[in-house]
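Those sequence lines, one after another, are chains A and B. Numbering of the first sequence is given in my numbering, commencing with residue 1 and proceeding in unit increments. Numbering of the second sequence is given in my numbering, commencing with residue 279 and proceeding in unit increments. Don't be surprised by glycine CBs; every beta carbon is placed ideally from N, CA and C. Each remark here refers to the structure printed beneath this line.
Protein chains: 2
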Amino acid sequence: MPNSRRPRRPKIGVFDSGVGGLTVLRALLDRIPDADYLYFGDTARLPYGSKSAATVAHYAVGAVRYLQDQGAELLVIACNTATALALNEIKAAAGVEVIGVIEPGAEAAAAATRKRKVVVIGTDATIGSHAYRRALEARKVGVREKSCPLFVPLVEEGWVEHPVTEQVAKIYLSEAFSEDARDADVLVLGCTHYPLIKPLLRRVAPEHVAIVDSAESTARAVERQLQIEPLPYSTKSARRGVPKLKFFATDSAEKFRKMGTRFLGLPVEDVLHVDLKE
Amino acid sequence: MPNSRRPRRPKIGVFDSGVGGLTVLRALLDRIPDADYLYFGDTARLPYGSKSAATVAHYAVGAVRYLQDQGAELLVIACNTATALALNEIKAAAGVEVIGVIEPGAEAAAAATRKRKVVVIGTDATIGSHAYRRALEARKVGVREKSCPLFVPLVEEGWVEHPVTEQVAKIYLSEAFSEDARDADVLVLGCTHYPLIKPLLRRVAPEHVAIVDSAESTARAVERQLQIEPLPYSTKSARRGVPKLKFFATDSAEKFRKMGTRFLGLPVEDVLHVDLKE
Numbered sequence: 001m002p003n004s005r006r007p008r009r010p011k012i013g014v015f016d017s018g019v020g021g022l023t024v025l026r027a028l029l030d031r032i033p034d035a036d037y038l039y040f041g042d043t044a045r046l047p048y049g050s051k052s053a054a055t056v057a058h059y060a061v062g063a064v065r066y067l068q069d070q071g072a073e074l075l076v077i078a079c080n081t082a083t084a085l086a087l088n089e090i091k092a093a094a095g096v097e098v099i100g101v102i103e104p105g106a107e108a109a110a111a112a113t114r115k116r117k118v119v120v121i122g123t124d125a126t127i128g129s130h131a132y133r134r135a136l137e138a139r140k141v142g143v144r145e146k147s148c149p150l151f152v153p154l155v156e157e158g159w160v161e162h163p164v165t166e167q168v169a170k171i172y173l174s175e176a177f178s179e180d181a182r183d184a185d186v187l188v189l190g191c192t193h194y195p196l197i198k199p200l201l202r203r204v205a206p207e208h209v210a211i212v213d214s215a216e217s218t219a220r221a222v223e224r225q226l227q228i229e230p231l232p233y234s235t236k237s238a239r240r241g242v243p244k245l246k247f248f249a250t251d252s253a254e255k256f257r258k259m260g261t262r263f264l265g266l267p268v269e270d271v272l273h274v275d276l277k278e
Numbered sequence: 279m280p281n282s283r284r285p286r287r288p289k290i291g292v293f294d295s296g297v298g299g300l301t302v303l304r305a306l307l308d309r310i311p312d313a314d315y316l317y318f319g320d321t322a323r324l325p326y327g328s329k330s331a332a333t334v335a336h337y338a339v340g341a342v343r344y345l346q347d348q349g350a351e352l353l354v355i356a357c358n359t360a361t362a363l364a365l366n367e368i369k370a371a372a373g374v375e376v377i378g379v380i381e382p383g384a385e386a387a388a389a390a391t392r393k394r395k396v397v398v399i400g401t402d403a404t405i406g407s408h409a410y411r412r413a414l415e416a417r418k419v420g421v422r423e424k425s426c427p428l429f430v431p432l433v434e435e436g437w438v439e440h441p442v443t444e445q446v447a448k449i450y451l452s453e454a455f456s457e458d459a460r461d462a463d464v465l466v467l468g469c470t471h472y473p474l475i476k477p478l479l480r481r482v483a484p485e486h487v488a489i490v491d492s493a494e495s496t497a498r499a500v501e502r503q504l505q506i507e508p509l510p511y512s513t514k515s516a517r518r519g520v521p522k523l524k525f526f527a528t529d530s531a532e533k534f535r536k537m538g539t540r541f542l543g544l545p546v547e548d549v550l551h552v553d554l555k556e
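Here's what the structure looks like:
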């Protein structure tokens with residue numbers, strides 16, 4: 001009876017403050033297509049980057065509870081700010097496994113660096129939290145952190161291949177790879193918006209530098225997690241499949257659909273507006 | 279008894295989603311220094327620009343109620359988005375006079391244009407609301423609207439005199455003053471962040487164009503309002519005085535203090551953190 005050995009499809013909740021986490025969902029779909037995905041974008045309260053840790057924790061816990069009520073059995077915090085500021089609170093409040101974006105990104109960076117020195121770029125809030133610094137120093141890797149607050153609005157403007165974005169990237173990266181970080185050999189994209197400007201960053205970053213995309217690393221961590229659990233994702237062929245996608249947004253569903261399609265690189269269709277009380 | 283004729287100092291509530299409205303407060307201080315000001319920055323829930331009209335109205339009404347509880351007798355909505363999306367709801371909920379930023383800006387633009395054609399720049403939300411278009415067309419003035427989503431993050435990055443900002447301004451303004459808007463002779467700054475890049479915009483905008491700063495126009499409208507009421511602000515000398523300032527922020531008071539000082543151009547000191555339930 002082959003059917004009895006067929007794995008139950010995992011139901012994976014993915015949470016972000018907005019549409020940025022869709023780059024993480026995209027990486028998940030590429031690796032684990034045979035799953036149900038519930039994506040929650042807290043668009044009415046974004047960006048988390050300008051908010052205090054207490055506010056972010058409060059919002060994030062509400063959102064992941066909603067995802068669990070919808071049946072999520074594994075939670076991915078596809079938001080660097082929420083991971084940096086509130087992962088422990090989210091883990092404490094959740095009854096299921098929680099995977100953030102920072103540990104997987106740090107792990108991949110530590111594996112990739114030969115010089116034991118990396119540069120991390122992200123929003124003000126992520127960089128200000130020093131969460132990547134802690135995760136990397138725990139792995140004996142030196143870190144230069146650099147916040148790049150203009151990248152998110154540039155990506156949202158759609159200027160992913162634009163001379164202005166290139167000029168901004170040159171300014172930010174030359175500051176990042178200066179002085180004692182001159183010989184850093186890994187660049188960690190510590191924001192889920194940045195995969196959209198990865199080709200541009202590849203051109204602007206010093207040639208010897210490897211780029212670690214934390215969306216990609218997080219998808220790999222989820223894959224490992226599901227393999228550790230008795231879900232038979234052990235063979236390549238088991239990974240064929242058609243994902244089921246459902247989206248929740250706290251602000252306009254229409255706006256989410258429009259912007260989301262660009263970030264996911266796939267049509268975003270089934271969007272439900274959700275009103276979360278504070 | 280000269281004292282009996284001395285005016286009572288007005289208590290003016292100024293509301294914005296963040297620190298941008300401080301440019302309006304600054305214009306108010308310059309014109310009406312002898313007053314008590316209560317400034318409310320809803321920093322935990324900014325930016326309003328990405329939110330729906332219903333969400334913005336809900337937040338704004340909560341904030342102005344708080345200002346009235348603190349004794350505000352006149353309310354200034356120093357936020358283009360909140361004015362554009364929720365002025366009627368705010369007026370309906372408030373028991374006192376409410377002045378938004380859009381009507382005064384449109385009024386000043388209509389007075390300044392000879393060609394009866396103006397360009398309005400602002401955030402996505404303000405431009406998408408077409409509130410300036412309506413206010414100007416009601417005055418028989420033609421309008422080209424242009425959203426400039428990168429200006430706010432550039433100002434917040436502190437790049438108010440920076441080649442990147444100049445390049446972005448050239449792109450935005452050349453799009454704005456094109457085709458049938460080529461002969462527009464007024465540029466309305468429809469966002470409270472823009473006064474900080476007014477010198478740069480002055481250089482980049484076509485020479486024949488007059489710049490209308492809606493912060494400035496709003497302060498003038500408040501002045502008129504106070505003169506219409508039996509508050510004797512009729513003579514220049516009555517306007518000497520030392521303002522009293524009190525600030526309320528829904529997110530970190532420390533962050534507000536830091537960023538706010540740049541926008542106000544004066545030290546921001548007395549900041550109280552406020553937690554507004556939804």
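Residue i bridges to which residues according to DSSP?
{"i": "residue 467 of chain B", "result": "B:399, B:491"}
{"i": "residue 36 of chain A", "result": "A:11, A:244"}
{"i": "residue 561 of chain B", "result": "No statement about residue 561 of chain B is possible, as the shown extent of chain B runs from 279 to 556 and does not include it."}
{"i": "residue 383 of chain B", "result": "Answer is none; residue 383 of chain B lacks a bridge partner."}
{"i": "residue 355 of chain B", "result": "B:293, B:378"}
{"i": "residue 273 of chain A", "result": "A:249"}
Just verifying my parser: in three-state terms, what is the DSSP assignment at residue i?
{"i": "residue 268 of chain A", "result": "coil"}
{"i": "residue 428 of chain B", "result": "coil"}
{"i": "residue 292 of chain B", "result": "strand"}
{"i": "residue 282 of chain A", "result": "Not covered by the structure: residue 282 of chain A. The range shown for chain A is 1 to 278."}
{"i": "residue 324 of chain B", "result": "coil"}
{"i": "residue 513 of chain B", "result": "Low per-residue confidence applies at residue 513 of chain B: pLDDT is 42, beneath 50, and the placement is therefore not dependable, though the value from the model is reported in the following sentence. The answer is coil: DSSP assigns residue 513 of chain B none of H, G, I, E or B."}
{"i": "residue 298 of chain B", "result": "coil"}
{"i": "residue 414 of chain B", "result": "helix"}
{"i": "residue 72 of chain A", "result": "coil"}
{"i": "residue 460 of chain B", "result": "coil"}
{"i": "residue 420 of chain B", "result": "strand"}
{"i": "residue 97 of chain A", "result": "strand"}
{"i": "residue 177 of chain A", "result": "coil"}
{"i": "residue 221 of chain A", "result": "helix"}
{"i": "residue 156 of chain A", "result": "helix"}
{"i": "residue 89 of chain A", "result": "helix"}
{"i": "residue 206 of chain A", "result": "coil"}
{"i": "residue 161 of chain A", "result": "coil"}
{"i": "residue 408 of chain B", "result": "coil"}
{"i": "residue 477 of chain B", "result": "helix"}
{"i": "residue 51 of chain A", "result": "coil"}
Would you please state the rounded distance, in angstroms, between the beta carbons of residue i and residue j? I believe it to be under 8 Å.
{"i": "residue 173 of chain A", "j": "residue 204 of chain A", "result": "6 Å"}
{"i": "residue 398 of chain B", "j": "residue 423 of chain B", "result": "5 Å"}
{"i": "residue 86 of chain A", "j": "residue 112 of chain A", "result": "So it is not a contact: roughly 27 Å between Cβ atoms."}
{"i": "residue 47 of chain A", "j": "residue 434 of chain B", "result": "12 Å between Cβ atoms; not a contact."}
{"i": "residue 337 of chain B", "j": "residue 323 of chain B", "result": "5 Å"}
{"i": "residue 319 of chain B", "j": "residue 527 of chain B", "result": "5 Å"}
{"i": "residue 473 of chain B", "j": "residue 493 of chain B", "result": "5 Å"}
{"i": "residue 16 of chain A", "j": "residue 261 of chain A", "result": "Actually they are not in contact, since the Cβ atoms of residue 16 of chain A and residue 261 of chain A sit about 15 Å apart, beyond 8 Å."}
{"i": "residue 356 of chain B", "j": "residue 430 of chain B", "result": "About 15 Å; that fails the 8 Å criterion."}
Any beta-carbon of chain D closer than 9 Å to the one on residue i?
{"i": "residue 432 of chain B", "result": "The structure shown contains no chain D; the protein chains it does contain are A and B."}
With a threshold of 8 Å (Cβ to nearest heavy atom), would residue i be considered close to the ligand FMN?
{"i": "residue 154 of chain A", "result": "Questions concerning the ligand FMN fall outside what the structure shown contains, since it holds no ligand whatsoever."}
Residues from the segment 524-540 of chain B in contact with chain A, defined by Cβ distance under 7 Å: Cβ contacts with chain A: 529, 530.
If the cut-off is 8 Å on Cβ atoms, which residues from the segment 399-416 of chain B count as contacting chain A, listed in chain order? Result list empty, no residue passes.
Any residues in the segment 472-486 of chain B with a beta carbon nearer than 8 Å to a beta carbon of chain A? Which ones, in chain order? none
Between the segment 327-341 of chain B and chain A, which residues of the former have CB atoms less than 7 Å from a CB of the latter, in chain order? 328, 329, 330, 333
If contact means a Cβ-Cβ distance below 8 Å, which residues of the segment 439-451 of chain B contact chain A? Per Cβ criterion, the list reads 441, 442, 445, 446, 449.
Listed from N- to C-terminal order along the chain, which residues in the segment 416-429 of chain B have their beta-carbon within a distance smaller than 8 Å of any beta-carbon of chain A? 427, 428
Mind listing which residues of the segment 23-48 of chain A have their C-beta closer than 9 Å to chain B's C-betas, in chain order? 43, 44, 45, 46, 47
Please name the residues in the segment 87-100 of chain A whose beta-carbon is closer than 8 Å to at least one beta-carbon of chain B, in chain order. none
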